[in-house]
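Residue numbers (this note's numbering), protein chains in the order written: chain A, 1035 to 1204; chain B, 9 to 444.
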Amino acid sequence: MNAVSSELLREVEQFLFHEARLLDERRFEEWLELFTEDTHYWMPIVSTRERGNREVATESELAYFDDTKETLRYRVKRLYTGLAWAEEPPSRTCRFLSNIQVEQNSDASLELSTRCNLMVYRTRLETDRDLFIGTREDVLRRVNDTWQVARRSITLTESVLDANNLSIFF
Amino acid sequence: MELAAIEDLVREGGARVSRRAFVDNDVYELELARVFARCWLYLGHDSQLREPGDYFTAYMGEDPIIVTRGDDGVISALLNSCQHRGMRVCRSDSGNSRYFRCPYHGWSYNENGKLVGIPRLKTGYFDELDRENLGLVRVPRITNYKGMIWANWDPEAPTFEEYLGGMKVYLDLMLDRIPGGLEAVEGVHKWTIDGNWKFAADNFVGDMYHVPVTHGSAHSIGLRQAWSDLGYQINPGNGHGFGGEYGGLSAAENETSYTPYIKQIRAHLAEQNGDYINKIVPLGHMTIFPNFSALDTLRFRTFRVWNPVGPEKMQVHAWAIFDKALPDEIKQSIRQQYIFTFGPSGVFEQEDGENWSQSTRSTRGWIARQYDLNYSMGAGHEEPVEKVLGSNLPGQMGGIWSEINQRGFYLRWQQLLKADSWNTIREEEKALGADK
Ligand code: FES
Ligand SMILES: [Fe+2]
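Given below as structure tokens:
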């Protein structure tokens, strides 16, 4: 793992902010284009365990999201049907990214690893309010002069989700 | 609550249910005492307790429970509340431990709930504490039914198999598929829904009617073909029920790598049991009264429990389930299909949570509470299962859209609320039987 230049750091930050903005503005089709065809979009479950025991599920265990580009495409398509009632009327979201760290995977690599803290505030209908807070780790790949998400892993801090559903993206 | 008030909650053979059933605190308190403290409740799967000392935590109604496997392999269910000041002695979702040490003053209990350690026993209690009777409260009845762990607080309750009644032959069709039995994917989906638990249980017991509408987006995006009118709702009695499309729930969905397996398993079951298997296996949606539900489809299986948290909230615990003997790659596909379609992010389940919370919220008003909910669909058009599917099968059935199972669910619920004990229910049922 290697540190990156401040220009690159800034570029990556701007990419992540742009992506978050697309979600907040519900531009889901544009958002989907930021993911590689072989992407893996994953949110493992988290359990309350004694100190020293593993809290985060492995890839063969249960997850809240375990998506490929194909299933993400279905999720996005669904939001434009007018029949996805959990998002009809749509949720209002506001995403905050902080503590962003970026590392080059190897000198010659076209891939970067990023880590950030993520806070997503969702309100919907009259008084439904959910706050999702966690850590997000991405692998970004350089594709045609821009970045794409080749892998995303989101770990929320909750072990019992205090929300009716996860009908938004992270 | 007065008897007349309980009579009023469910009327016309279950076709009308008062909205008070979903938001009223008195009803809820009675439910905790007469439904949850009396019925067989699902705690989890024995694949969650592989080694001696393994434990996980669960709920029975609102009571927190620790489920443990002892050195002798025996499974115990213990009230997760210290006998001293009530502190929760186990605060983890799962793990392996030989004892649970209370974090408040340090009383320690072993995996069978026995009180084995008391700080200052001599200098504080003068060695006079009645240790034998201060173990964690044990759930007196527990059974491991084909890998499913069920427990019951009431010593008078029927055995689990009697409690299943007519449901047993059908449940077995979900549990006895291929040698080796079932296994839960490691981990439990846990989330809260701001709705009354019965809206979830009644949805899973018999509600195919919502599927084309609530889950209409699945059809629009090409995940499945349109819904036909062919299917069934089977009410085997005792408040349980299941139903789906003929040919198995999600028969019209796009195939996955699991589909050929389940079809092969079904063909084998049909050879042994008869042609009706081809119609009703996999079993579709199901509730075992009161709050265990399952989905058994051509893509995956899930078990879940709707734990009540007051009248207007529930905590859902849900598992993905597969046959142990399936190849690893198929198991992974089942796991992914489950996560994609059900669970909190599932493209089907997202909408369900929204419905149940909004139904509850809109029921709270004083005026709304004066009106009933309508469960009349298909009333008067039920037929014996035997007549439609043959093979001496128990129960009554309706078509795919019938609300026969919800009516059965609420009648059973009302029967339990009214009765002061299981013995009263037995007497009632005996009298009914003699009438016939
Ligand atoms: S509450 Fe458990 S030791 Fe006091
Ligand atoms: Fe549903």
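Where a beta carbon is used, it is the ideal one built from N, C-alpha and C, also for glycine.
Contact test: residue i Cβ vs ligand 3 heavy atom, cutoff 7 Å
i         : result
B/Phe-356 : For ligand 3, the structure offers nothing, since it holds only ligand 1 and ligand 2.
Nearest-angstrom Cα separation, counted from residue j out to residue i
i          : j          : result
B/Tyr-112  : B/Ile-126  : 12 Å
A/Val-1194 : B/Lys-198  : 5 Å
A/Ala-1037 : A/Gln-1135 : 9 Å
B/Tyr-217  : B/Lys-287  : 19 Å
B/Asn-243  : B/Glu-320  : 27 Å
A/Thr-1063 : A/Thr-1191 : It is worth fixing the name first, because residue 1063 of chain A is Glu in this sequence and not Thr. Each residue's Cα considered, the two are about 28 Å apart.
B/Lys-426  : B/Met-9    : 9 Å
B/Phe-357  : B/Arg-274  : Looking at the sequence itself, residue 357 of chain B is Glu, so the reference to Phe does not match. When rounded, the distance between both Cα atoms is 26 Å.
B/Gly-114  : B/Gly-132  : 13 Å
B/Ala-326  : B/Gly-214  : 19 Å
A/Arg-1126 : A/Leu-1174 : 27 Å
B/Gln-378  : B/Ile-14   : 14 Å
B/Ile-186  : B/Gln-272  : 11 Å
A/Phe-1166 : A/Arg-1085 : 23 Å
B/Leu-303  : B/Glu-194  : 18 Å
B/Ser-26   : B/Ala-12   : 13 Å
A/Gln-1138 : A/Glu-1045 : 13 Å
B/Tyr-50   : B/Lys-130  : 41 Å
Under 7 Å from the C-beta of residue i: neighbouring residues of chain A
i         : result
B/Glu-391 : Simply none; closest approach about 33 Å.
B/Gln-344 : Asp-1100
B/Ile-126 : Within 7 Å Cβ-Cβ: nothing; B/Ile-126 doesn't reach chain A, min ~22 Å.
B/Asp-101 : Ser-1081, Thr-1082, Arg-1083, Ser-1193
B/Ala-328 : Leu-1096
B/Ser-225 : Arg-1112, Thr-1115, Leu-1117, Ala-1118
B/Leu-6   : It is not possible to answer for residue 6 of chain B, since the shown part of chain B is limited to 9 through 444.
B/Ser-89  : Per Cβ cutoff of 7 Å: no residues; B/Ser-89 is ~17 Å from chain A at best.
B/Ser-116 : Going along chain A, no residue has its Cβ under 7 Å from B/Ser-116, so there is no contact; the nearest lies around 15 Å.
Nearest to residue i (by Cα), restricted to the options the options
i         : options                                    : result
B/Ala-234 : B/Gln-241, B/Gly-245, B/Val-221            : B/Val-221
B/His-53  : B/Ala-328, B/Val-324, B/Ala-442, B/His-389 : B/Ala-328
B/Pro-402 : B/Pro-392, B/Ile-408, B/Leu-303, B/Trp-409 : B/Pro-392
B/Gln-404 : B/Phe-350, B/Gly-245, B/Asn-262            : B/Gly-245
B/Tyr-240 : B/Gly-292, B/Thr-295, B/Gly-251            : B/Gly-251
B/Lys-44  : B/Thr-349, B/Gly-407, B/Gly-249, B/Lys-206 : With the sequence shown as reference, residue 44 of chain B is identified as Phe, and Lys is not the correct amino acid for it. Minimum Cα distance to B/Phe-44 is reached at B/Lys-206.
B/Ala-192 : B/Leu-144, B/Gly-21, B/Leu-440, B/Tyr-346  : B/Tyr-346
B/Asp-101 : A/Leu-1152, A/Tyr-1114, A/Thr-1082         : A/Thr-1082
Partners in chain B for residue i, counting only beta-carbon separations shorter than 7 Å
i          : result
A/Val-1183 : None at all; the shortest Cβ gap to chain B is about 18 Å.
A/Trp-1119 : Thr-222, Glu-359, Glu-362
A/Glu-1196 : Residue 1196 of chain A is actually Asp in this sequence, not Glu. Chain B residues near A/Asp-1196: Thr-200.
A/Ser-1201 : Gln-358
A/Thr-1105 : Phe-348
Listed by chain order, chain B residues near residue i by CB distance under 8 Å
i          : result
A/Tyr-1098 : His-197, Ile-347, Gly-351, Pro-352, Ser-353
A/Ile-1167 : Per Cβ cutoff of 8 Å: no residues; A/Ile-1167 is ~16 Å from chain B at best.
A/Thr-1157 : In chain order: nothing, as chain B lies at least about 14 Å away.
A/Arg-1109 : Val-355
Residue i - DSSP class collapsed to helix/strand/coil
i          : result
B/Pro-268  : helix
B/Phe-44   : helix
B/His-227  : helix
B/Met-182  : helix
B/Met-156  : strand
B/Glu-320  : coil
A/Arg-1107 : helix
B/Lys-198  : strand
B/Gln-241  : strand
B/Met-95   : coil
B/Ile-126  : coil
B/Val-35   : helix
A/Asp-1196 : coil
B/Asn-141  : helix
B/Glu-411  : coil
B/Gly-398  : coil
B/Glu-59   : coil
B/Gln-280  : helix
B/Val-147  : coil
B/Ser-89   : coil
B/His-389  : coil
Under 9 Å from the C-beta of residue i: neighbouring residues of chain B
i          : result
A/Thr-1189 : Within chain B, no residue comes near A/Thr-1189; the closest Cβ sits about 13 Å away, beyond 9 Å.
Where residue i meets chain A, residues with beta-carbon distance less than 9 Å
i         : result
B/Ser-365 : Asp-1162, Asn-1198
When Cβ atoms are compared, which residues of the stretch 170-202 of chain B fall closer than 8 Å to chain E?
Going by chain labels, chain E is absent from the structure shown, which instead holds the protein chains A and B.
Under 8 Å: do the stretch 69-79 of chain B and the stretch 174-190 of chain B share three or more Cβ pairs, one atom per stretch?
Touching, no.
How about the stretch 262-273 of chain B and the stretch 330-344 of chain B: do they share at least three Cβ pairs that are nearer than 8 Å?
Flag = yes, the stretch 262-273 of chain B and the stretch 330-344 of chain B touch.
Inter-stretch contact at 8 Å, needing at least 3 Cβ pairs: the stretch 37-52 of chain B / the stretch 388-400 of chain B
Because the criterion of three Cβ pairs below 8 Å is not met, the stretch 37-52 of chain B and the stretch 388-400 of chain B do not touch.
Contact between the stretch 369-387 of chain B and the stretch 147-163 of chain B: three or more CB pairs below 8 Å?
Fewer than three beta-carbon pairs drawn from the stretch 369-387 of chain B and the stretch 147-163 of chain B are found closer than 8 Å, and the two stretches are therefore not classed as touching.
Contact between the stretch 1181-1188 of chain A and the stretch 1065-1084 of chain A (3+ Cβ pairs under 8 Å)
The answer is yes - the stretch 1065-1084 of chain A touches the stretch 1181-1188 of chain A, with three or more Cβ pairs under 8 Å.
Is it a yes or a no for the stretch 1092-1101 of chain A touching the stretch 1115-1126 of chain A, going by three-plus beta-carbon pairs under 8 Å?
Remark: fewer than three beta-carbon pairs, one from each stretch, lie closer than 8 Å, so the stretch 1092-1101 of chain A and the stretch 1115-1126 of chain A are not flagged as touching.
Whether or not the stretch 136-146 of chain B and the stretch 44-64 of chain B are in contact is what I'm after, with contact meaning three or more pairs of Cβ atoms, one per stretch, closer than 8 Å; do they touch?
The stretch 44-64 of chain B vs the stretch 136-146 of chain B: no contact.
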